[in-house]
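*Asks:* So that we are looking at the same thing, I have put the structure below in structure tokens.
Residue numbers (the working numbering): 1058 to 1470.
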């Protein structure tokens, strides 16, 4: 229907060529992939949409219609909020349980869950408590308040309670939106690269993979900015005293500023309490603390991200296949050439390779490499913690204003 003969001729030629090789193969390949993707979407998309949408707070779900999205977010942010509330209580319970078990004899441990017999003596059970450096037990005073809760985590959604409870809620929302957008685009490209590898390698004359990337990017943008602009955001680590992120503070802040913020949010003190042992030789040796305070021991721990180390790589290895993508397990592969074998015997110094371990070091809640370690007990708040009663009938010492410098003269922790 073109007004120019050349355009009409070109159109007819394209249609004619599409029925020949190799364009005909490309078209059949696209149709087959489209049918495969549509079939997979029929059973996968409802699940993903439900995860993003979540249940309504009252549990209502209109019959025969798509229920509206929960204003508080989908299942993932709801689960994250439960984790924030549960982890402090769980940590406190585990601390006390570990202390209690270490106070039992081997005979009692072997008889668990039967009631232990050793607790019937004059010492009673051994108890433990996990403290924050703010001289508050973990889980106190209020885990619903983002500025004082145990986990230094803030829910950035404007629909959540944290948004109005922090002094800079808009900053958290902006950081979370940017992080979500970068992550979503990154994982979308990884998914696309895997699923369309056949088109990129074996059907390079086809422009389908480029059109697919444009379409999926547009759908992702609509999903993030139109359907869920204020919900389903990643949780953020609480900013420092200077309203900066942790990486900026570690790079630009003073040692005193870094240590103060680390002690507040990432360091804890575990304390164990128990009655003193009965004096075995009261006529010869006496324990002057028996009538005044209980036996106490403590240790300081820190939550941190280990730095990646270098290691000697010998190279070599076996061959394998490059996956051709597909949908949910329906895939093929292309044989890839095998790398050269690893050298035998010692490696010459000029041939050594020392790459770094592939450990993530980004200081955020997406990093799964967080770990803990015992560190020297040097926090300034330790004397105050040791003098604070944990509850019950525990008798704590009176250090008469002693500071951590004085305590470290006799402390071996």
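All C-beta atoms in this analysis are idealised placements derived from N, C-alpha and C, irrespective of residue type, glycine included.
#1: I think residue 1293 touches residue 1232, with their Cβ atoms under 8 Å apart; what is that distance to the nearest whole Å?
#2: Taking the continuous alpha helix (DSSP H) assigned at residue 1330, which residues delimit it?
#3: Measure the Cβ-Cβ separation of residue 1300 and residue 1225 and say whether it is below 9 Å.
#4: Could you give the distance in angstroms between the alpha-carbon of residue 1188 and the alpha-carbon of residue 1278?
#5: What do you get for residue 1214, buried or exposed, if any count of 16 or more other CB atoms within 10 angstroms of its CB means buried?
#6: Taking C-alpha atoms, which residue in 1429, 1256, 1212 and 1274 lies nearest to residue 1082?
#7: Any idea which residues DSSP pairs residue 1474 with across the strands?
#8: Does DSSP put residue 1340 in a helix, in a strand, or in coil?
#9: Tell me whether the beta-carbon of residue 1148 lies closer than 9 Å to the beta-carbon of residue 1195.
#10: Is residue 1248 helix, strand or coil by DSSP?
#11: Going by C-alpha to C-alpha distance, which of 1221, 1459 and 1234 sits closest to residue 1437?
#12: Measuring CB to CB, does residue 1351 end up less than 9 Å from residue 1453?
#13: Could you check where the beta strand (DSSP E) with residue 1168 kicks off and where it finishes?
#14: Considering only residues of the same chain and omitting the five flanking positions on each side of residue 1387, which have a CB-CB separation below 7 Å?
#15: Which word fits residue 1385, buried or exposed, when buried means at least 16 other C-beta atoms lie within 10 angstroms of its C-beta?
#16: Which term fits residue 1336, buried or exposed, when burial requires 16 or more other beta carbons within 10 angstroms of its beta carbon?
#17: Between the Cα of residue 1442 and those of 1099, 1407 and 1354, spot the shortest distance and give me the residue it belongs to.
#18: Could you tell me the boundaries of the alpha helix (DSSP H) in which residue 1275 lies?
#19: Exposed or buried, which one is residue 1229 when buried takes at least 16 other CB atoms within 10 Å?
#20: Would you call residue 1467 buried or exposed, if buried means 16 or more other Cβ atoms sit within 10 Å of its Cβ?
#21: As a quick exercise: from 1412, 1173, 1150 and 1407, pick the residue whose alpha carbon is nearest that of residue 1370.
#22: For the ligand FAD, I want to know if residue 1202 counts as a neighbour, meaning its beta carbon is within less than 8 Å of at least one of the ligand's heavy atoms.
#23: For residue 1152, I'd like the list of residues in its chain whose CB is within less than 7 Å of its CB, leaving aside the five on either flank, ordered along the chain.
*Replies:* With the given structure in hand:
#1: Residue 1232 and residue 1293 do touch by the CB rule: their CB atoms are close to 6 Å apart, below 8 Å.
#2: Residue 1330: not part of any alpha helix (DSSP H); member of the beta strand (DSSP E) spanning 1324-1331, first to last residue.
#3: yes
#4: 44 Å
#5: buried
#6: 1256
#7: Nothing about residue 1474 can be reported from this structure: the residues present for the chain run from 1058 to 1470 only.
#8: Coil.
#9: yes
#10: DSSP places residue 1248 in helix when its eight states are reduced to three.
#11: 1459
#12: yes
#13: Taken as a continuous stretch (DSSP letters only), residue 1168 belongs to no beta strand (DSSP E), being part of the alpha helix (DSSP H) at 1163-1168.
#14: Caution applies to residue 1387, whose pLDDT of 47 falls short of 50 and renders its modelled position unreliable; the model cannot decide the point.
#15: Here residue 1385 scores only 44 on pLDDT, less than 50, and its place in the model should not be relied on; the value that follows carries that caveat. Flag for residue 1385 reads exposed.
#16: exposed
#17: 1354
#18: 1265-1279
#19: buried
#20: exposed
#21: Selection 1412, 1173, 1150 and 1407 evaluated against residue 1370 yields 1412 as nearest (Cα-Cα).
#22: As presented, the structure is devoid of all ligands, the ligand FAD included, so that no description of it is given.
#23: 1185, 1186, 1187 and 1327
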